[in-house]
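Using this note's numbering, the letters of the sequence shown map in sequence onto residues 1 to 190. Structure, as structure tokens:
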Amino acid sequence: MLADPKIVFVFSVNIFNVETRPQRISLYDLHNWGCFILICVLGFDFLFLLRCRILANREAAARSKEKKTRYTTEMQRKLDTLQTHATTLSAQLTLLQGNTSCLSAENKELKLRLESLEQQAKLRKALKEALMSENNRLKMEKAKQVGKNRFSDTRLLPQLPPRVAKYGGNLNPQQQCQMPNQNQNRPRNA
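And the structure:
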């Protein structure tokens with residue numbers, strides 16, 4: 001039973017949410033409320049509603065706290081995993097930077113060697129061409145001198161013995177040396 005009939009407990013009820021704090025208002029102020037209002041009438045148990053709502057709020061708070069704890073734990077686990085991964089990648093990066101510097105130094109050295117070998121190849125090619133041209137020039141000079149000697153004065157050419165002339169003069173030097181000696185040993189017939 002209410003002590004003052006002009007003062008009542010009012011609960012504003014939404015479709016989704018019920019306010020759990022009772023408010024004391026006068027009956028004359030009820031026309032100012034824009035939401036659906038339940039007025040305490042005899043036989044309506046607001047304490048039951050309050051208890052249910054308080055328990056529901058506590059359960060929701062416990063679920064929220066548990067969810068927050070799970071989320072925090074999951075984020076901490078992910079953070080630890082990422083820190084471990086970052087440490088591993090940092091070590092790999094340091095190793096790869098060392099390898100890169102070694103490889104770049106080796107690359108520079110190989111480029112210098114390649115340039116040196118290319119220069120040597122060019123020099124060899126130029127030397128080979130110079131030697132070939134010199135060789136051809138000497139062959140031509142020799143051919144000219146042999147041609148001059150052969151056609152200019154045939155009287156000055158040594159006379160080959162008839163046996164040597166018969167084979168075309170293709171004897172090795174030892175046989176050529178032996179042939180004149182044999183001719184000298186023979187008596188000359190006048």
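Here a beta-carbon is modelled for each residue, glycine too, at the ideal position from N, C-alpha and C. Because the structure is a prediction, the values reported are computed rather than measured.
Compute the Euclidean distance between the alpha carbons of N135 and L123, then round it to the nearest angstrom.
-> 18 Å
Close beta carbons around A91, own chain, < 6 Å, minus the five adjacent residues each side = none
Chain-order list of residues whose beta-carbon lies under 7 Å from that of M75 (same chain, five-residue window excluded) = none
State the Cα-Cα distance for the pair K142 and A126, rounded to the nearest angstrom.
-> 24 Å
If you draw a straight line from the alpha carbon of C52 to that of T72, how long is it in whole angstroms?
-> 30 Å
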